[in-house]
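Chains as they are written, first to last, in the working numbering: chain A, 1 to 212; chain B, 1001 to 1010.
All residues carry an ideal CB built from backbone N, CA and C; glycine is no exception.
The block underneath contains the structure these notes are about, expressed in structure tokens.
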Amino acid sequence: MNIFRLAGDVSHLVAIIILLLKIWKTRSCAGISGKSQILFASVFVTRYLDLFTIFISLYNSSMKIIYISCSIATVYLVYFKFKATYDGNHDTFRVEFLVVPVGGLSFLVNHDFSPMEILWTFSIYLESVAILPQLFMISKTGEAETITTHYLFFLGLYRGLYLINWIWRYYFEGFFDLIAIVAGLVQTVLYCDFFYLYVTKVLKGKKLSLPA
Amino acid sequence: WPFTQYHDEL
């Protein structure tokens, strides 16, 4: 465990909590893509099946349980508790265009052709693109609430910090997981355009709105 | 092709 990995995990947790609190406090999930949230919940469920097979550390297991519970709670809030506020008309990204290719790819390119490993690979690939419905929704409505942009910032920062963690681990531990690295790079790149808007607009106190 | 026995990251 190095500082970048820890900061990445914390940043990921902050993102998840920000979103949960935003929905809970405002009693509304307006502007949030339920589809992205379903994808993230699927990512956690398929990746953390190893909770039942191996024990790495108390930290590892507790974080996995927190991520899974929070992501499922978020999906519940969007589709059940605050369904009336869910902006489904703007959440029109075709998720099958992500899930089908990602599913196929995880069968073709993986570390080991076993059910657990294929599901892990699926979760890694799916996570890299799971934010697309949310970004698509923002591009459709042309704006995002400031709190939603903070959520996206921490979510993007998390994978960026993991990239630094992987460079660190390569040099100091000889650790190298090509699947995670390539997917993590794709994931981080998808946030770049958003990062630019976040720094140039949101951090200067302006609302994130896109030119028509 | 590096094979990791288990995944220790989140």
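Ranked by Cα distance from A/T146, the first of A/I17, A/Y48, A/L19 and A/L208 is A/L208.
Around A/I54, the beta-carbon contacts reaching into chain B at under 7 angstroms are Y1006. Secondary structure of A/E145 (DSSP, three-state): coil. Taking CB atoms only, A/K64 has a neighbour in chain B less than 9 angstroms away. By the Cβ rule, the segment 184–200 of chain A does not count as touching the segment 59–78 of chain A, because fewer than three pairs are nearer than 8 angstroms.
Judged by DSSP secondary structure, A/C70 falls within the alpha helix (DSSP H) whose first and last residues are L58 to Y76. Within the DSSP bridge table, the entry for A/S209 names A/E143 as partners. Going by beta carbons, A/P133 and A/V75 fall outside the 9 angstroms limit.
Across the structure, A/E127 and A/V43 are spaced so that their CA atoms are roughly 6 angstroms apart.
A/S114 places its beta carbon 9 angstroms or farther from that of A/R47. Under the 10 Å beta carbon count, A/C192 is surrounded by fewer than 16 other beta carbons and is classified as exposed. Straight-line spacing of the CA atoms in A/L152 and A/L19 works out to 9 angstroms.
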